[in-house]
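Trainee: Next up is a structure, given as structure tokens.
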Ligand code: UGB
């Protein structure tokens, strides 16, 4: 009571709200006014921030927490009454007529889309000290994830404009959700690289705030153990992206500008843009309000499963069931073996890769009702079976893929399955877990598999386009067995669709397994090339380059390294290999004109 005198009227309201919500313990041991007043003001500033950054404020947070904690204590199953079954969706096979048709439709739609990258996670599982979007996607060129994402969006937007004769007048928006853990470093990465060619105004950073931790089943907020004038906070999860987009006013701005789609994606999937045009084509053709891109999933793999849930009362939805919930749900509903592979060698439930395409109009309608609040969950670690105390504080969490949970039954919620090699190679696990914890035969989700998957995808795409690519060899890096294909890398300027690739390679091309082919140029035609070594082609946009003939040299080798070798940078050690650049043919075409190379 005595301390209220140091606060403004608005701050007093916040104190009263906390007292009404059973949070008086937060003010215990506060000394009289005049002692630590600045700290007390910082405390109330923090409360104001926690209150304003949660839809419905702290009152709503505490109420929801009490309900969810009571459900958790009672052992209530969130899927009570629901039966899982395998849903049906659009299945795409890379390179067939259907895929090409959807890709063409999708590219036209890109100019009506906004792209949203969720990059607030620090990647504790990876154990890397930097931000994940700054990691090299592959070490042949050293291109980082963020550069590839931005360049892919720019090139897709340009292709889209060209195909529709420049109907669009504005730049495609690119949003990055950051957090306190990633914000400053993301901004610095952008600024020090001139936004990788994007206009700074095109890029918006939205920072998510953490939420208050909960100390017990009554949802008493946990004090920070290091400072009695602070509440302990933890991340709320990637589901925050919806409320942030809504409260920022961006969605309305996009609607007014005539946009139709919002695409969401994650921080470390170097393959993701290879399937985006086709998936967008599916959304446009089927008029999906929600389209979730997925890939065949290995049983027990740490990605959610897309599942049809049918309730006893007739309710039905197609939704991601998170990996730790799928197995118990299946066991409880008449599938005694739980989450297992079927005869295809994969789980019958397609794997969610959190690449979502939402139609903007229905998205805004829904968010106008919910304010962007997403169904949350709580995962307390109890001290014992009485479930009355926690081992450490907990908090509410939410996931962006749970957005469809509140949608009306009339919503068109679909999904698109595409080849795994084409679309999904995340970098999430540290080398030890990848080698030892991941079940044998399941994808590693490591820096090693992330990079080698890029070479495999590019090689397989070239094969589909008619290039003869030698078979891969098997190697073990950081305890993980992977296929090593020829290191084929191109920048998005060269190709963003399969049609682009097909247009640029012709006749009898051959690339040996030990080779590296780097294409950094827009108009580079590969004709009758026989490559056994390393060939790097750089060209300016206005140069028309044709390359072919025999290129043979010692090339760039993949050298095994010891992950404990601290003289090497961390981003190299987590891969278990480095590229040893011995000899190459490098060609630079820096002036406009027509060039032909046939050594
Ligand atoms: N992220 C944020 O931006 N903010 C946060 O508070 C937390 C994360 P993880 P997760 O496709 O690979 C998801 O930790 O949550 C960003 C799906 O739930 O890498 O374990 C973070 O920066 C799962 O169903 O993934 O698993 C990153 O970009 C499956 O689809 C993204 O959110 C899996 O991803 C994901 O965070 C997958």
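Residue numbers (the numbering used here): 7 to 605.
Built from N, CA and C at the ideal position, the CB exists for glycine as well.
In this text the structure is predicted, and so the values were computed from the model without any measurement.
Is it buried or exposed for residue 513, if we count other Cβ within 10 angstroms and need 16 for buried?
Mentor: For the purposes of this step, residue 513 is taken as residue 507 along the chain shown, with counting starting at 1. By the 10 Å Cβ count, residue 513 comes out exposed.
Trainee: According to DSSP, is residue 235 part of a helix, a strand, or is it coil?
Mentor: Reading the chain shown from its first residue, position 229 is the one you call residue 235. In the structure shown, residue 235 sits in a strand (DSSP, three-state: E or B).
Trainee: Answer with buried or exposed for residue 351, where buried requires no fewer than 16 other C-beta atoms within 10 angstroms of its C-beta.
Mentor: Taking the chain shown and counting its residues from 1, the one referred to as residue 351 is at position 345. It counts as exposed.
Trainee: Who are the near neighbours of residue 489 in its chain, counting only those whose CB is closer than 7 Å to its CB and skipping five residues on each side?
Mentor: Stepping through the chain shown from its first residue, residue 489 is reached at position 483. Hits under 7 Å: 458, 462, 478, 480.
Trainee: Hey, would you say residue 366 sits closer than 8 Å to residue 260, going by beta carbons?
Mentor: Taking the chain shown and counting its residues from 1, one reaches residue 366 at position 360. Taking the chain shown and counting its residues from 1, one reaches residue 260 at position 254. Contact: yes.
Trainee: Mind checking residue 321: buried by the 16 CB within 10 Å criterion, or exposed?
Mentor: As a first step, residue 321 must be located in the chain shown, where it is residue number 315. That one is exposed.
Trainee: Do residue 276 and residue 405 have their C-beta atoms closer together than 8 Å?
Mentor: In the chain shown, residue 276 corresponds to position 270, counting from 1. In the chain shown, residue 405 corresponds to position 399, counting from 1. No.
Trainee: By how many angstroms is the C-alpha of residue 152 removed from the C-alpha of residue 184?
Mentor: Counting from one through the chain shown, the residue named residue 184 turns up at place 178. Counting from one through the chain shown, the residue named residue 152 turns up at place 146. Distance between the alpha carbons of residue 184 and residue 152: 13 Å.
Trainee: Start and end of the beta strand (DSSP E) containing residue 507?
Mentor: On the chain shown, position 501 is the one that residue 507 refers to. Careful: residue 507 lies outside any beta strand (DSSP E), inside the alpha helix (DSSP H) at 504-510.
Trainee: Is the beta carbon of residue 190 within less than 7 Å of some heavy atom of the ligand UGB?
Mentor: By 1-based counting over the chain shown, the position of residue 190 is 184. False, no ligand heavy atom lies under 7 Å from that Cβ.
Trainee: What do you reckon, are the CB atoms on residue 524 and residue 147 nearer than 8 Å?
Mentor: Here residue 524 refers to the residue found at position 518 when the chain shown is read from its first residue. Here residue 147 refers to the residue found at position 141 when the chain shown is read from its first residue. Against a cut-off of 8 Å, the Cβ pair of residue 147 and residue 524 comes out as a contact.
Trainee: What are the boundary residues of the beta strand (DSSP E) that residue 214 is part of?
Mentor: Residue numbering aside, residue 214 sits at position 208 when the chain shown is read from its first letter. Taken as a continuous stretch (DSSP letters only), the beta strand (DSSP E) holding residue 214 covers 209-214.
Trainee: Leaving out five residues on either side along the sequence, give the residues of the same chain with a beta carbon under 8 Å from the beta carbon of residue 347.
Mentor: Here residue 347 refers to the residue found at position 341 of the chain shown. Contacts found: 304, 305, 353.
Trainee: Write down the C-beta distance between residue 335 and residue 85 rounded to the nearest angstrom, noting that I regard them as a contact closer than 8 Å.
Mentor: For the purposes of this step, residue 335 is taken as the residue at position 329 of the chain shown. For the purposes of this step, residue 85 is taken as the residue at position 79 of the chain shown. Their Cβ separation, rounded to whole angstroms, is 5 Å, which keeps residue 335 and residue 85 in contact under 8 Å.
Trainee: Check whether the Cβ of residue 328 sits closer than 7 Å to any heavy atom of the ligand UGB, and report yes or no.
Mentor: Along the chain shown, read from residue 1 onward, the residue named residue 328 stands at position 322. Yes, Cβ of residue 328 sits closer than 7 Å to a heavy atom of the ligand UGB.
Trainee: Measuring only from the beta carbon, is residue 124 closer than 7 Å to any heavy atom that is part of the ligand UGB?
Mentor: Sequence index remark: in the chain shown, residue 124 carries index 118 (1-based). Residue 124: yes, Cβ under 7 Å from the ligand UGB.
Trainee: Return yes when the Cβ of residue 475 is within less than 8 Å of the Cβ of residue 3, no when it is not.
Mentor: Not covered by the structure: residue 3. The range shown for the chain is 7 to 605.
Trainee: Using the Cα positions of residue 571 and residue 483, report the straight-line distance between them to the nearest angstrom.
Mentor: Taking the chain shown and counting its residues from 1, the one referred to as residue 571 is at position 565. Taking the chain shown and counting its residues from 1, the one referred to as residue 483 is at position 477. Whole-angstrom Cα-Cα distance: 14 Å.
Trainee: In whole angstroms, what separates the C-alpha of residue 292 from that of residue 48?
Mentor: Within the chain shown, residue 292 is the residue found at index 286, counting from 1. Within the chain shown, residue 48 is the residue found at index 42, counting from 1. Answer to the nearest angstrom: the Cα atoms are 51 Å apart.
Trainee: Roughly how far, in whole angstroms, is the beta-carbon of residue 247 from the beta-carbon of residue 270, given that I think they are within contact range, below 8 Å?
Mentor: Walking along the chain shown from the start, residue 247 turns up at place 241. Walking along the chain shown from the start, residue 270 turns up at place 264. So it is a contact: roughly 7 Å between Cβ atoms.
Trainee: Have a look at residue 531 and residue 601 and give me their C-alpha separation to the nearest angstrom.
Mentor: Along the chain shown, one-based indexing puts residue 531 at 525. Along the chain shown, one-based indexing puts residue 601 at 595. Cα to Cα, the separation comes out at about 10 Å.
Trainee: With a threshold of 7 Å, establish whether the CB of residue 359 neighbours any heavy atom of the ligand UGB.
Mentor: The count along the chain shown starts at 1 and reaches residue 359 at position 353. Because some heavy atom of the ligand UGB lies under 7 Å away, the Cβ of residue 359 counts as near it: yes.
Trainee: With hydrogens ignored, establish whether the beta-carbon of residue 61 is closer than 7 Å to any heavy atom of the ligand UGB.
Mentor: Stepping through the chain shown from its first residue, residue 61 is reached at position 55. No - the ligand UGB has no heavy atom lying nearer than 7 Å to the Cβ of residue 61.
Trainee: Using CA atoms only, rank isn't needed, just tell me which of 119, 358, 102 is closest to residue 300.
Mentor: Mapped onto the chain shown, residue 300 falls at position 294. For the residues 119, 358, 102, the minimum Cα distance to residue 300 belongs to 358.
Trainee: Mind checking whether residue 288 and residue 503 have CB atoms under 8 Å apart?
Mentor: Reading the chain shown from its first residue, position 282 is the one you call residue 288. Reading the chain shown from its first residue, position 497 is the one you call residue 503. No, the Cβ-Cβ distance between residue 288 and residue 503 is not below 8 Å.
Trainee: By how many angstroms is the C-alpha of residue 237 removed from the C-alpha of residue 578?
Mentor: The residue given as residue 578 occupies position 572 in the chain shown. The residue given as residue 237 occupies position 231 in the chain shown. Those two C-alpha atoms are separated by around 38 Å.
Trainee: Could you tell me whether the region 210-227 touches the region 384-398, using the rule of 3 or more Cβ pairs below 8 Å?
Mentor: Enough Cβ pairs lie closer than 8 Å, so yes.
Trainee: Could you check the C-alpha separation between residue 168 and residue 110 for me, to the nearest Å?
Mentor: Taking the chain shown and counting its residues from 1, the one referred to as residue 168 is at position 162. Taking the chain shown and counting its residues from 1, the one referred to as residue 110 is at position 104. Between residue 168 and residue 110, the C-alpha separation is close to 12 Å.
Trainee: Any chance you could list the alpha helix (DSSP H) runs of at least 4 consecutive residues sitting entirely within the region 321-366, in chain order?
Mentor: With a minimum length of 4 residues, the continuous alpha helix (DSSP H) runs that stay inside the region 321-366 are 329-338.
Trainee: Under the assumption that residue 192 contacts residue 128 (Cβ atoms under 8 Å), give the Cβ distance between them as a whole number of angstroms.
Mentor: Position 186 of the chain shown, counted from the start, is the residue given in the question as residue 192. Position 122 of the chain shown, counted from the start, is the residue given in the question as residue 128. Actually they do not touch by this definition, with Cβ atoms about 12 Å apart.
Trainee: If residue 126 sits next to residue 249, beta carbons under 8 Å apart, how far is it from one beta carbon to the other, in whole angstroms?
Mentor: What you label residue 126 is simply residue 120 of the chain shown in a count that begins at 1. What you label residue 249 is simply residue 243 of the chain shown in a count that begins at 1. Rounded, the Cβ-Cβ distance is 13 Å, inconsistent with contact.
Trainee: Could you check if residue 459 belongs to the surroundings of the ligand UGB, using beta carbon to heavy atom distance under 7 Å?
Mentor: Translated into positions along the chain shown, residue 459 becomes position 453. No, Cβ of residue 459 sits at least 7 Å from all heavy atoms of the ligand UGB.
Trainee: If you measure between the beta carbons of residue 93 and residue 443, is that distance less than 8 Å?
Mentor: Along the chain shown, one-based indexing puts residue 93 at 87. Along the chain shown, one-based indexing puts residue 443 at 437. Contact flag unset, no.
Trainee: Taking the beta carbon of residue 80 as the centre, do at least 16 other beta carbons fall within 10 Å, making it buried, or is it exposed?
Mentor: The count along the chain shown starts at 1 and reaches residue 80 at position 74. Looking at its Cβ environment, which holds fewer than 16 other Cβ atoms inside 10 Å, residue 80 is exposed.
Trainee: So, under 8 Å CB-CB, residue 581 and residue 454 are touching, yes? Tell me the CB distance rounded to an integer number of Å.
Mentor: Within the chain shown, residue 581 is the residue found at index 575, counting from 1. Within the chain shown, residue 454 is the residue found at index 448, counting from 1. Sure, about 5 Å apart at Cβ, within 8 Å.
Trainee: State the Cα-Cα distance for the pair residue 408 and residue 298, rounded to the nearest angstrom.
Mentor: For the purposes of this step, residue 408 is identified with residue 402 of the chain shown, where counting begins at 1. For the purposes of this step, residue 298 is identified with residue 292 of the chain shown, where counting begins at 1. Their backbone Cα atoms lie some 11 Å apart in a straight line.
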